[in-house]
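Residues 48 to 212 (the working numbering) make up the sequence shown, in order.
Working notes, beginning with the structure itself.
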Amino acid sequence: MVRAYFATTTACALALLAFAASGRAVAGQDSTVASFAGRWAGDGRIIPASGPSEEFKCVITYFPSDDGSRMRQNLRCKGLSYAFDAATHMEIDGARITGRWSDNIYSLNGTVNGAFTSDGFSVQLSGQFFEARMTVVSTRCEQLVTVIPDQATQMKELSAVLRKC
């Protein structure tokens, strides 16, 4: 149960960084892989399956490849009852996004698969203990992220706002 809880919250935290790793321009916006490079920080909230919601803070650093076909990210998040230290490696092929994530604290990992949408990005996050849909709406300076697990056994929703500018 504890491992499943940490898997759920870790995968949700990783969802925060999965969008920025994606790459190519988002339709109708001035967003490219290079524009994500650097440090983004923000606040979020996890709504658990039971009990009160919990706020957290995150810092994500992005390292895009020169040609925009790959991106590596480092993620560190901290709330009152948990912390994350994770990395994601993404491959970008047109609108298609694939990759892997791993958590350095709880030894968890999984895959990321998705595509760009007209106003952002949508991916399915998968792992041994976790499946969820993440949607992101992004501008040059801000990302609005929502993650909803396929089964709300540990968490109902995660949402966050990350800023770079």
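All residues carry an ideal CB built from backbone N, CA and C; glycine is no exception.
With DSSP run on the structure shown, which of helix, strand or coil describes residue i?
| i | result |
| --- | --- |
| Phe-83 | helix |
| Cys-124 | strand |
| Ala-130 | strand |
| Leu-155 | coil |
| Ser-149 | strand |
| Gly-161 | strand |
When we look at the beta-carbon of residue i and count the other beta-carbons within 10 Å, is it buried (16 or more) or exposed?
| i | result |
| --- | --- |
| Leu-205 | buried |
| Ser-185 | buried |
| Asp-140 | exposed |
| Cys-188 | exposed |
| Val-194 | buried |
| Leu-155 | buried |
| Asp-197 | exposed |
CA-CA distance, residue i and residue j?
| i | j | result |
| --- | --- | --- |
| Ala-179 | Asp-113 | 30 Å |
| Arg-123 | Ala-134 | 9 Å |
| Gly-157 | Ala-199 | 18 Å |
| Ala-162 | Val-170 | 6 Å |
| Thr-108 | Ala-84 | 7 Å |
| Lys-203 | Gly-115 | 33 Å |
| Ala-88 | Gln-190 | 10 Å |
| Pro-99 | Met-118 | 35 Å |
| Cys-105 | Leu-209 | 8 Å |
| Lys-211 | Gly-126 | 20 Å |
| Trp-148 | Ile-93 | 20 Å |
Based on DSSP bridge pairs, tell me the residues matched to residue i.
| i | result |
| --- | --- |
| Ala-96 | None; Ala-96 has no bridge partner. |
| Ala-142 | Answer is none; Ala-142 lacks a bridge partner. |
| Asp-90 | Lys-104, Val-208 |
Only counting runs of 3 or more residues, tell me where the beta strand (DSSP E) segments fall wholly within the segment 165 to 202, in order along the chain. 167 to 174, 177 to 185, 189 to 196
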